[in-house]
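Everything below concerns the one structure shown next.
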Amino acid sequence: MGYLMQAAKAAAAAVAATLAGWRLFESLYVWADHAADTEVDSGQSEWFAGTTQYLVANATGWVFLPVAVWGLLRLIRVRGNHLAIIISAFVWVAFTAPHLVGSHPSPATVVAWVAVQTAATAAASVAQSAVTPANKAMR
Numbered sequence: 000m001g002y003l004m005q006a007a008k009a010a011a012a013a014v015a016a017t018l019a020g021w022r023l024f025e026s027l028y029v030w031a032d033h034a035a036d037t038e039v040d041s042g043q044s045e046w047f048a049g050t051t052q053y054l055v056a057n058a059t060g061w062v063f064l065p066v067a068v069w070g071l072l073r074l075i076r077v078r079g080n081h082l083a084i085i086i087s088a089f090v091w092v093a094f095t096a097p098h099l100v101g102s103h104p105s106p107a108t109v110v111a112w113v114a115v116q117t118a119a120t121a122a123a124s125v126a127q128s129a130v131t132p133a134n135k136a137m138r
């Protein structure tokens with residue numbers, strides 16, 4: 000598989016995983032907000048209301064993207080992309096998710112951060128391919 004085709008496949012997987020991860024994160028935050036409101040309404044302290052739900056929402060949101068990228072890359076038969084998954088997870092946790100989740104970003108902001116996520120994932124995929132051409136034999 001050529002570098003351009005591998006970059007296109009990695010980019011497609013990154014776009015799908017990023018948008019799905021963003022929507023999942025948003026829906027989990029809504030769930031955590033409702034759980035916190037329910038706990039407060041039932042007479043529990045406001046200090047730690049919804050803490051467990053927020054921790055679950057954050058853990059699920061952070062873990063979802065690397066697993067989704069890995070699964071999508073396997074589904075479209077791109078193997079040996081450990082670097083792409085690691086870089087994608089780092090960019091998701093450090094840059095993309097904080098700008099998209101918990102705020103109401105404009106469409107331009109969404110496109111910009113999805114583009115950053117996609118470029119990082121595709122570049123890492125191609126870089127690993129270029130550095131380790133021996134993994135073609137493992138496919």
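Numbers 0 to 138, taken from numbering that gives the first Met the number 0, label the letters of the sequence shown in order. For each residue, glycine too, the CB sits at the ideal point set by N, CA and C.
Under the three-state reduction of DSSP, which class applies to residue i: helix, strand or coil?
i           : result
residue 116 : helix
residue 136 : With a pLDDT of 44 at residue 136, under the threshold of 50, the predicted position of this residue should be treated as unreliable, and no value is reported.
residue 45  : coil
residue 33  : helix
residue 57  : helix
residue 131 : coil
residue 65  : helix
residue 100 : coil
Considering only the beta carbon of each residue, do residue i and residue j sit closer than 7 Å?
i           : j           : result
residue 13  : residue 117 : yes
residue 17  : residue 113 : yes
residue 101 : residue 63  : no
residue 80  : residue 72  : yes
residue 92  : residue 61  : yes
residue 55  : residue 48  : no
Decide if residue i is buried, meaning its Cβ has at least 16 other Cβ atoms within 10 Å, or exposed.
i           : result
residue 65  : buried
residue 124 : buried
residue 105 : exposed
residue 120 : buried
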